[in-house]
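Participant: This is the structure I have questions about; it appears just below.
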Amino acid sequence: MKRSLGSLCLAVALLVPVGTAHAFEPFALLVPCRATAENSVGTTRPCITCHNNPDGGAGCTTPPCFNPFGMAFNANGRMWDTALAMMDSDGDGYTNG
Numbered sequence: 635m636k637r638s639l640g641s642l643c644l645a646v647a648l649l650v651p652v653g654t655a656h657a658f659e660p661f662a663l664l665v666p667c668r669a670t671a672e673n674s675v676g677t678t679r680p681c682i683t684c685h686n687n688p689d690g691g692a693g694c695t696t697p698p699c700f701n702p703f704g705m706a707f708n709a710n711g712r713m714w715d716t717a718l719a720m721m722d723s724d725g726d727g728y729t730n731g
């Protein structure tokens with residue numbers, strides 16, 4: 635019984651698709667006023683522009699861990715335009731651009 639249960643668990647584990655992490659740094663490069671921050675391995679990257687973590691879409695309970703600007707950028711078709719620039723996504727009293 636133990637052996638068949640172990641075999642079943644192994645079979646299920648092999649058949650379950652593994653989620654993949656996607657790094658879309660080129661999207662951040664579309665934003666002219668992007669921010670940068672040092673990530674967990676010491677590399678300065680623009681992930682913090684759209685994510686609430688300098689490592690990008692990780693480190694939260696609901697990936698992709700967008701910050702308010704990232705949510706607005708994503709909802710805008712991942713495009714920088716005048717409408718997005720004029721918004722105040724994070725509510726700090728300043729426009730995005």
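Residue numbers for the sequence shown follow our numbering, so the first one is 635 and each next one is one higher.
Beta carbons are placed, not taken as given, at the ideal position from N, Cα and C, and that holds for glycine.
Fair warning: this is a prediction, and the values are worked out from it, not measured in the lab.
By the 10 Å Cβ neighbour count, where 16 or more other Cβ atoms means buried, how is Cys-681 classified, buried or exposed?
Facilitator: The residue is buried, with at least 16 neighbouring Cβ atoms inside 10 Å.
Participant: Can you list, in chain order, the stretches of the alpha helix (DSSP H) that have 4 or more residues and sit fully within the region 658-725?
Facilitator: As far as the region 658-725 is concerned, its whole alpha helix (DSSP H) runs of at least 4 residues are 659-662, 702-709, 716-720.
Participant: Taking the alpha carbon of Met-720 as the point to measure from, which residue in Phe-703, Asn-730, Asp-726, Arg-712 has its own alpha carbon closest?
Facilitator: Answer by Cα proximity: Asn-730.
Participant: Would you report the Cα separation of Arg-679 and Ala-692, rounded to the nearest angstrom?
Facilitator: Distance between the alpha carbons of Arg-679 and Ala-692 is about 14 Å.
Participant: Can you grab the Cα-Cα spacing for the pair Asn-710 / Gly-676, in whole Å?
Facilitator: Those two C-alpha atoms are separated by around 31 Å.
Participant: Run the CB neighbour count on Gly-704, radius 10 Å, all protein chains shown included, and call it buried at 16 or more, exposed below.
Facilitator: So Gly-704 counts as buried.
Participant: Ignore the nearest five residues each way along the sequence and tell me which others in Phe-611's own chain have a CB closer than 6 Å to its CB.
Facilitator: A question about residue 611 goes unanswered here, because the residues of the chain that appear run from 635 up to 731.
Participant: Applying the criterion that 16 or more other CB atoms from any shown protein chain within 10 Å of the CB defines a buried residue, is Leu-718 buried or exposed?
Facilitator: Per the 10 Å Cβ criterion, buried.
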